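Visitor:
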Amino acid sequence: MVESTTQSGKVWALYLGAESVVNVSWPIFSASIFVILALVLSLYLTFEHLAAYNQPEEQKFLIGLILMVPVYSLESFLSLLDSSVAFNCEAIRDCYEAFALYCFERYLIACLGGEENTIHFLESQTLITSSFPLLEELALFNI
1454 MVESTTQSGK VWALYLGAES VVNVSWPIFS ASIFVILALV LSLYLTFEHL
1504 AAYNQPEEQK FLIGLILMVP VYSLESFLSL LDSSVAFNCE AIRDCYEAFA
1554 LYCFERYLIA CLGGEENTIH FLESQTLITS SFPLLEELAL FNI
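Just add 1453 to the spot in the sequence shown (first one is 1) and you have our numbering.
1. On a Cα-Cα basis, can you pick out the residue from LEU1492, HIS1502 and GLY1517 that is closest to PHE1552?
2. Quick one: does the C-beta of TYR1555 sit closer than 7 Å to a heavy atom of the ligand SAH?
3. LEU1533 and PRO1480 - do their beta-carbons sit closer together than 8 Å?
4. For MET1454, which residues in the same chain have their Cβ closer than 7 Å to its Cβ, ignoring the five residues on either side in sequence?
5. Use the C-beta contact count for SER1536: other C-beta atoms within 10 angstroms, 16 or more gives buried, fewer gives exposed.
6. Determine, using beta carbons only, whether HIS1502 and LEU1515 come nearer to each other than 8 Å.
Shown next, in the form of structure tokens:
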């Protein structure tokens, strides 16, 4: 086990002087540029929302959604750099994805004017029902 890690280190050292290092570092270099761009743009948008924080019920959930960009980009970049941490990064990403879905749901409720207005809005919607079930329609078409 120890020999294989030192041998892989030697193989990596051999590639450092070789021409193929350009091929290996090109994905990392381009990914790092896009990660930095995503971080700068998402932080700029976050600060813009904080500077004009005049609708806190909506904007606090929007900020939670905007922060999804740096979480995903950093997780993907760390997984690209070291595949052994990919599992841990994926667990963190999945937790933040659940939080982002919660933020999106709360943002929609805030846009509709709160929980009571949302309940009234959903209750006022009419349900369109078919005269016969979907499975009977599929039987008519011999599907």
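For each residue, glycine too, the CB sits at the ideal point set by N, CA and C. All of these numbers come straight from a predicted model, not from anything done at the bench.
Guide: According to the structure data:
1. To locate residue 1552, count along the sequence shown from 1; it is residue 99. When only C-alpha atoms are compared, the closest one is GLY1517.
2. This structure simply doesn't include the ligand SAH, nor any ligand for that matter.
3. If you number the sequence shown from 1, residue 1480 lands on position 27. If you number the sequence shown from 1, residue 1533 lands on position 80. Cβ atoms of PRO1480 and LEU1533: closer than 8 Å.
4. Position 1 of the sequence shown, counted from the first residue, corresponds to residue 1454. Note on MET1454: pLDDT 40, under 50, position unreliable in the model; the coordinate value appears next. Excluding sequence neighbours, MET1454 sits near nothing in its chain.
5. Locating residue 1536 in the sequence shown gives position 83, where the first residue counts as 1. That one is exposed.
6. For the purposes of this step, residue 1502 is taken as residue 49 along the sequence shown, with counting starting at 1. For the purposes of this step, residue 1515 is taken as residue 62 along the sequence shown, with counting starting at 1. Yes, the Cβ-Cβ distance between HIS1502 and LEU1515 is below 8 Å.
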